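J.:
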Amino acid sequence: MIVLRSVIGDELRRRRLRQGRTLRDVSAAARVSLGYLSEVERGQKEASSELLASIAVALDIPMSALLASVTHRVAGLEGLRAVDGGRVAGGPDSMAADVAQTHDRHARNADRDVAAHELRAEDVLLDALDNVAALAVSDGGAVVAAA
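For the sequence shown, counting from 1, position 55 maps to 55 in this note's numbering; every step adds exactly one.
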């Protein structure tokens with residue numbers, strides 16, 4: 001089972017270390033205790049959205065970038081392939097695209113089936129008209145079959 005707080009904590013720690021910053025430095029900038037920030041980074045505490053925003057500001061990264069990184073890491077842990085634009089192959093975005101493609105394919109097939117049906121109906125009508133033309137009209141106005 002994926003524990004989101006652990007993935008978020010790992011990402012926060014990775015970004016902090018990449019910047020060469022200490023827990024003390026980031027905790028002071030984010031206005032959170034050093035111990036609490038350490039617990040968040042280790043996945044032992046669940047950070048509120050307000051705290052995540054404060055830490056993101058302290059690390060000088062957009063919250064959207066932090067969440068996108070977490071999304072890609074979770075997708076990888078789930079065995080899904082992350083793709084550009086924050087979309088995840090096999091995730092909700094691609095499922096919606098699959099549904100749209102299936103709908104379009106069925107609509108094209110239905111249009112083709114309707115066109116084929118209309119052609120068959122036209123053929124039946126033309127056959128009927130040919131049969132009527134083959135009839136001879138007698139002098140009393142009655143229609144009789146031509147011999």
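Glycine included, C-beta positions come from ideal geometry on N, C-alpha and C. All values derive from a computational prediction rather than experimental measurement.
1) Within 10 Å of its beta-carbon, does R24 have 16 or more other beta-carbons around it, so buried, or fewer, so exposed?
2) For E41, is the classification buried or exposed, using 16 other Cβ atoms within 10 angstroms of its Cβ as the cut-off for buried?
3) Do three or more CB pairs link the region 38-54 to the region 6-17 at distances below 8 Å?
4) Examine the Cβ distances between the region 64-82 and the region 28-39 and report whether three or more of them are shorter than 8 Å.
5) Near P62, what residues of its chain come up, given a Cβ to Cβ distance below 8 Å and the 5 sequence neighbours on each side ignored?
6) Determine the closest residue to R16 out of I2, A58, V32, with distance taken between C-alpha atoms.
7) Between A53 and chain D, is any beta-carbon pair separated by less than 8 Å?
8) Hey, which unbroken runs of the alpha helix (DSSP H) at 4 residues or more fall wholly within the region 11-60?
9) As a quick exercise: from N131, E11, D130, I2, pick the residue whose alpha carbon is nearest that of S69.
10) Applying the 10 Å Cβ sphere with the 16-neighbour rule, what's the burial state of A110?
11) If distances are taken between C-alpha atoms only, which option among L52, Q19, R13, R18 comes closest to R31?
12) Take the Cβ of V26 as the centre, count every other Cβ of all protein chains shown within 10 Å, and call the residue buried at 16 or more, exposed below.
13) When you compare only the Cα positions, how much space is there between E122 and R112?
14) Please determine, among D60, I2, V124, the residue with the shortest C-alpha to C-alpha distance to Q19.
15) Where does I8 sit, in a helix, a strand or coil, going by DSSP?
T.: Put simply:
1) Answer is exposed; the Cβ neighbour count stays below 16.
2) Around the Cβ of E41, a 10 Å sphere holds 16 or more other Cβ atoms; the residue is buried.
3) These segments touch.
4) Contact between the region 64-82 and the region 28-39 is absent, because fewer than three Cβ pairs lie under 8 Å.
5) Excluding five sequence positions before and after P62, the CB atoms of its chain that fall closer than 8 Å to its own CB belong to A56, given in chain order.
6) Comparing Cα positions, the closest option is A58.
7) The structure shown has no chain D; it contains just one protein chain.
8) Correct list: 23-30, 34-41, 49-58.
9) Nearest neighbour of S69 by Cα position, chosen from N131, E11, D130, I2, turns out to be E11.
10) By the neighbour-count criterion, in which 16 or more other beta carbons inside 10 Å mark a residue as buried, A110 falls on the exposed side.
11) Of the listed residues, the one whose Cα sits closest to R31 is L52.
12) V26 comes out buried.
13) Note on geometry: alpha-carbon atoms of E122 and R112 lie some 15 Å from one another.
14) Nearest C-alpha to Q19: D60.
15) Residue state for I8 is assigned as helix, using DSSP reduced to three classes.
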